[in-house]
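Residue numbers (this note's numbering): 12 to 59.
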Amino acid sequence: MQIVRGVCAICGNVGVLHTCPLCGRMVCDRCLTQRGACVECSRGRIIK
């Protein structure tokens with residue numbers, strides 16, 4: 012697995028990025044929830 016570094020699509024933080032499986036955004040650790048979706052996707056949805 013390759014480590015991707017860059018700018019978070021939500022907060023603008025620079026660092027290691029993860030891809031949200033629902034929307035495809037590249038987000039940092041702070042914007043990725045424990046369930047694996049970004050904060051924008053998990054805000055209005057219940058993810059089981």
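Built from N, CA and C at the ideal position, the CB exists for glycine as well.
With DSSP run on the structure shown, which of helix, strand or coil describes cysteine 19?
Walking along the sequence shown from the start, residue 19 turns up at place 8. Coil, per DSSP.
Three-state secondary structure (DSSP) of cysteine 31
What you label residue 31 is simply residue 20 of the sequence shown in a count that begins at 1. Here cysteine 31 sits in coil by DSSP.
Using 9 Å as the threshold, is the C-beta distance between cysteine 52 and cysteine 34 below it?
Taking the sequence shown and counting its residues from 1, one reaches residue 52 at position 41. Taking the sequence shown and counting its residues from 1, one reaches residue 34 at position 23. Their beta carbons are under 9 Å apart, which means cysteine 52 touches cysteine 34 by this criterion.
So the alpha helix (DSSP H) arginine 46 belongs to, where does it begin and stop?
As a first step, residue 46 must be located in the sequence shown, where it is residue number 35. Here arginine 46 belongs to no alpha helix (DSSP H), and DSSP marks it neither H nor E.
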